Amino acid sequence: MIHRTNEEVIFKAGMRTHLMNIMKDASDIIDSLDETEQCLLCDLEALHDQFNEMHAEASSFYLQAYMEEFTPGFAQFSLAIENLSKQKHGALIVIQRRDEVEDFIQKGTNLHAKISASLIESIFYPGNPLHDGALLVKENTLVSAANVLPLTSKKVSPSLGTRHRAAIGLSGMTDALVLVVSEETGKMSFAKEGVLYPLTVKDPEIRK
Numbered sequence: 001m002i003h004r005t006n007e008e009v010i011f012k013a014g015m016r017t018h019l020m021n022i023m024k025d026a027s028d029i030i031d032s033l034d035e036t037e038q039c040l041l042c043d044l045e046a047l048h049d050q051f052n053e054m055h056a057e058a059s060s061f062y063l064q065a066y067m068e069e070f071t072p073g074f075a076q077f078s079l080a081i082e083n084l085s086k087q088k089h090g091a092l093i094v095i096q097r098r099d100e101v102e103d104f105i106q107k108g109t110n111l112h113a114k115i116s117a118s119l120i121e122s123i124f125y126p127g128n129p130l131h132d133g134a135l136l137v138k139e140n141t142l143v144s145a146a147n148v149l150p151l152t153s154k155k156v157s158p159s160l161g162t163r164h165r166a167a168i169g170l171s172g173m174t175d176a177l178v179l180v181v182s183e184e185t186g187k188m189s190f191a192k193e194g195v196l197y198p199l200t201v202k203d204p205e206i207r208k
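In this text, residue positions in the sequence shown follow the UniProt record's numbering: the first is 1, and each later residue adds one.
See the structure below:
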């Protein structure tokens, strides 16, 4: 349950403004459909971009809310995956919540280290022996790295790589949240209940 805080009120007010703008733009498109110079594809692409931006902002807000009860490290994870994204360094991070996940994964290398953005980035630096697997997090501890996750058996987009299919797989079997950074595009996302959501992180200092 996500409690209605001041941050949620501000967030939903922003979403309401976005939606009102989209509705106005959609109405303008309808009014101009018969104009010969109208570029309908351009207009639809602009709407698509607005929806994508809203979706990503909502994902970031709710990911923070989903995580905060189970780990205090949201700011460190935000900083780490943003930096990894900028460098296009692939990453896969499992945030354990109520369900134990170790019965579903192939255990990697024990760490038992305090959450740190710099350590997370170094783990996923290309060439690091631990980078090609998942980092497991419980509460405020980086438990282990190079864990192997079960891949989803669901039909997914061919554009999704092994990391994304693993994130969907484990999150479909447990209530874990799984953060992903694409090595190919640098795009960030997270998986919850077997569904993948795009992610933007605008302020890693929120709820530090």
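Cβ atoms here follow ideal geometry from the backbone N, Cα and C, with glycine treated the same way.
Fair warning: this is a prediction, and the values are worked out from it, not measured in the lab.
Checklist entry - Which stretch, first to last residue, makes up the alpha helix (DSSP H) that contains ALA113? => result Not the alpha helix (DSSP H): ALA113 falls in the beta strand (DSSP E), residues 109-114.
(message) Assuming GLY169 and GLU184 are in contact, meaning their beta carbons sit under 8 Å apart, how far apart are those beta carbons, in whole angstroms?
(response) Contact between GLY169 and GLU184 is ruled out by a C-beta separation of about 19 Å, above the 8 Å threshold.
- Task: State the DSSP-derived secondary structure class of LYS192, mapped to helix, strand or coil.
- Result: Residue state, collapsed to three classes: strand.
Measure the CB-CB distance between LYS114 and ASN147 and report whether it falls below 8 Å. No, the Cβ-Cβ distance between LYS114 and ASN147 is not below 8 Å.
| task | May I have the straight-line CA-CA distance separating LEU196 from SER32, to the nearest angstrom? | result | Answer to the nearest angstrom: the Cα atoms are 36 Å apart.
- Message: Rounding to the nearest angstrom, what Cα-Cα distance links VAL9 and GLU57 in this structure?
- Response: Those two C-alpha atoms are separated by around 14 Å.
- By Cβ distance, which residues of its chain are closer than 8 Å to SER171, with the 5 residues on each side in sequence left out? Sequence-distant partners of SER171 (beyond 5 residues in either direction) whose C-beta falls short of 8 Å from its own C-beta, in its chain, are LEU177, VAL178, ALA191, LYS192, GLU193, GLY194 and VAL195.
Report the residue from GLY90, GLU102 and PHE11 whose alpha carbon sits nearest the alpha carbon of LEU149. When each option's Cα is compared against that of LEU149, the closest is GLU102.
Original post:
Can you check whether the CB of PHE124 is closer than 8 Å to the CB of ALA91?
Top reply: Pairing ALA91 with PHE124 gives a Cβ-Cβ distance under 8 Å.
**Message:** Buried or exposed for LEU199, going by 16 or more other Cβ atoms inside 10 Å?
**Reply:** LEU199 counts as buried, since at least 16 other C-beta atoms from the protein chains shown sit within 10 angstroms of its C-beta.
TODO: Would you list the one or two residues that DSSP bridges to LYS138?
DONE: When DSSP reads this structure, LYS138 sits in a beta bridge with THR141.
- Task: Pull up the distance between the alpha-carbon of ILE105 and that of SER189, whole angstroms please.
- Result: Computed Cα separation, rounded: 20 Å.
With DSSP collapsed to three states, give me the class of ALA176.
Three-state result, ALA176: coil.
Judging by CA-CA distance, which residue of MET67, GLY133, ALA145 and LEU142 is the nearest neighbour of LEU151?
It is GLY133.
Run of the alpha helix (DSSP H) containing THR120, from where it starts to where it stops | Sequence inspection shows Ile at residue 120; the Thr mentioned does not correspond to that position. Run containing ILE120: 117-123, per the alpha helix (DSSP H) assignment.
Check: First and last residue of the alpha helix (DSSP H) that includes VAL94?
Finding: Boundaries for VAL94: no alpha helix (DSSP H) harbours it, while the beta strand (DSSP E) harbouring it runs 91-95, taken from the DSSP string.
Buried versus exposed call for GLN76 [16 or more other C-beta atoms within 10 Å across all chains shown]: Buried.
message: I need the DSSP call for VAL9, collapsed to helix, strand or coil.
response: Three-state result, VAL9: helix.
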